[in-house]
Amino acid sequence: GENVEQHPSTLSVQEGDSAVIKCTYSDSASNYFPWYKQELGKGPQLIIDIRSNVGEKKDQRIAVTLNKTAKHFSLHITETQPEDSAVYFCAASISTNAGKSTFGDGTTLTVKP
Amino acid sequence: DTAVSQTPKYLVTQMGNDKSIKCEQNLGHDTMYWYKQDSKKFLKIMFSYNNKELIINETVPNRFSPKSPDKAHLNLHINSLELGDSAVYFCASSLGGGNEQFFGPGTRLTVL
Chain A
547 GENVEQHPST LSVQEGDSAV IKCTYSDSAS NYFPWYKQEL GKGPQLIIDI
597 RSNVGEKKDQ RIAVTLNKTA KHFSLHITET QPEDSAVYFC AASISTNAGK
647 STFGDGTTLT VKP
Chain B
30 DTAVSQTPKY LVTQMGNDKS IKCEQNLGHD TMYWYKQDSK KFLKIMFSYN
80 NKELIINETV PNRFSPKSPD KAHLNLHINS LELGDSAVYF CASSLGGGNE
130 QFFGPGTRLT VL
């Protein structure tokens, strides 16, 4: 089955700095890679996703890159703000009706003002 | 309008009891999920249903029994609760594999 590894498990940055979280996956059939943000006391919420036919996607301060050959993808947050502090999860899945999303173990990001 | 709702939000109970958590989605999705998030924040899938049929059952003890009366609802019944069942349980829904999952607010289960 799919195995997703996520690093680092914790990340602390100063406000305004960039943050990078990396994930690797094992199943070459995986073709959908979402990133979720979980704020304290809430359920995870999608912030950006990428499909295997694209190498990079950007949405304002957030970007995701995908290297299919190396089987890794990364989340980049620029100009971090205190409200970016949360737990971030990467996931990998296959686009079928029964497709299961396998989540990474999460990264706790702290942005210090 | 709440997209995915769960009840109750908090559940405190004694070992050995039986309890249920209810989930409803109003997004018209075909696929629903149950996840368990432990104290280390690890998010692990337990079950997945597609059009009321069980698709994924991830090595979950048979004390856990999901039930999907219709596409909009996926309930989780837990028999003979154990201390290790203490966690936050999230329900989610999506259009199927390869699509965004919408998570509920979670149910924090504490077994004493």
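Just so you know, the protein sequences line up as chains A and B, in that order.
The numbering used here numbers the first residue of the first sequence as 547 and each following residue consecutively.
The numbering used here numbers the first residue of the second sequence as 30 and each following residue consecutively.
Cβ coordinates follow ideal geometry from the N, Cα and C atoms, glycine included.
Would you list the one or two residues that DSSP bridges to residue i?
{"i": "P580 (chain A)", "result": "A:D595"}
{"i": "N79 (chain B)", "result": "B:T60 and B:E82"}
{"i": "A121 (chain B)", "result": "B:Y62 and B:F132"}
{"i": "Q54 (chain B)", "result": "B:V33"}
{"i": "V140 (chain B)", "result": "B:T42"}
{"i": "K48 (chain B)", "result": "B:I107"}
{"i": "V559 (chain A)", "result": "A:V657"}
Identify whether residue i lies in helix, strand or coil by the three-state DSSP scheme.
{"i": "L655 (chain A)", "result": "strand"}
{"i": "L112 (chain B)", "result": "helix"}
{"i": "I567 (chain A)", "result": "strand"}
{"i": "P554 (chain A)", "result": "coil"}
{"i": "L586 (chain A)", "result": "coil"}
{"i": "S647 (chain A)", "result": "coil"}
{"i": "K70 (chain B)", "result": "coil"}
What is the C-beta distance between residue i and residue j, in whole angstroms, given that I count them as a contact (C-beta under 8 Å)?
{"i": "L612 (chain A)", "j": "E129 (chain B)", "result": "Not confirmed; about 17 Å, so no contact."}
{"i": "T648 (chain A)", "j": "E548 (chain A)", "result": "4 Å"}
{"i": "F119 (chain B)", "j": "F132 (chain B)", "result": "5 Å"}
{"i": "N599 (chain A)", "j": "G127 (chain B)", "result": "So it is not a contact: roughly 12 Å between Cβ atoms."}
{"i": "Q54 (chain B)", "j": "S122 (chain B)", "result": "4 Å"}
{"i": "P134 (chain B)", "j": "G601 (chain A)", "result": "Not quite, the Cβ-Cβ distance comes to about 35 Å (not below 8 Å), so this is no contact."}
{"i": "C52 (chain B)", "j": "L103 (chain B)", "result": "5 Å"}
Going by the C-beta, is residue i closer than 6 Å to any heavy atom of the ligand PLP?
{"i": "E87 (chain B)", "result": "This structure does not include the ligand PLP; it has no bound ligands of any sort."}
Where do the ends of the beta strand (DSSP E) carrying residue i lie?
{"i": "D99 (chain B)", "result": "F93 to D99"}
{"i": "I640 (chain A)", "result": "Note, I640 (chain A): premise wrong, no beta strand (DSSP E); not H, not E."}
{"i": "T18 (chain B)", "result": "No information on residue 18 (chain B) is available, as it lies outside the stretch 30 to 141 that chain B covers here."}
{"i": "N549 (chain A)", "result": "Run containing N549 (chain A): none; DSSP gives neither H nor E here."}
Complete beta strand (DSSP E) runs within the stretch 599-637 of chain A (minimum length 3 residues, chain order):
602-605, 608-613 and 618-623
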